[in-house]
Amino acid sequence: MAVCETCGNEYDMAFEVHAQGSVHTFDCFQCAIEAMAPICEHCGTKVIGHGVQSGEHWYCCAHCAREEGTEGLVDRVMAGTTT
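Heads up: the sequence shown begins at 1 in full-length UniProt numbering, then just goes up one per residue.
Here it is as structure tokens:
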């Protein structure tokens, strides 16, 4: 049985996440998110969806990025719009 690196639970159905050259072991998605998800630099929530990135900064949405002074990021582009 493997041990979750977040909570320490020994669990027979633990899983591995391979990311950026490292291997992580978790017993549930909640622990994986807690350990690996970036944190929005504006509101502090865990970014578990698409998120947006500006340089080295992560945000949960374009609104939070704009609140921090980033320009040009949007959550959605309307159909027929080109960039």
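We put the CB at the ideal spot given by N, CA and C, even for glycine.
- Query: What are the boundary residues of the beta strand (DSSP E) that includes glutamate 16?
  - Reply: 15-19 is the extent of the beta strand (DSSP E) around glutamate 16.
- Nearest-angstrom Cα separation, counted from glycine 80 out to alanine 19: In this structure, the straight-line span from the alpha carbon of alanine 19 to that of glycine 80 is close to 35 Å.
- Query: According to DSSP, which residues form a beta bridge with valine 52?
  - Reply: Its beta-bridge partners are Tyr59.
- Three-state secondary structure (DSSP) of glutamate 79: The sequence shown places alanine at residue 79, rather than the glutamate named in the question. Secondary structure of alanine 79 (DSSP, three-state): coil.
- Message: Using a Cβ-Cβ cutoff of less than 6 Å, which residues in the same chain neighbour valine 74 once the five nearest sequence positions on both sides are dropped?
- Response: If we look at valine 74 and ignore the five residues flanking it on each side, its Cβ neighbours are Ala62.
- If you run the structure through DSSP and keep just helix, strand and coil, what is glutamate 68? Coil at glutamate 68, not helix or strand.
- Query: So what does DSSP say about alanine 37, is it helix, strand or coil?
  - Reply: Three-state DSSP puts alanine 37 in coil, outside helix and strand.
- Task: Under 8 Å by Cβ, that's how I've got threonine 6 and phenylalanine 26 pegged, so tell me the actual separation to the nearest angstrom.
- Result: Confirmed, Cβ separation roughly 6 Å.
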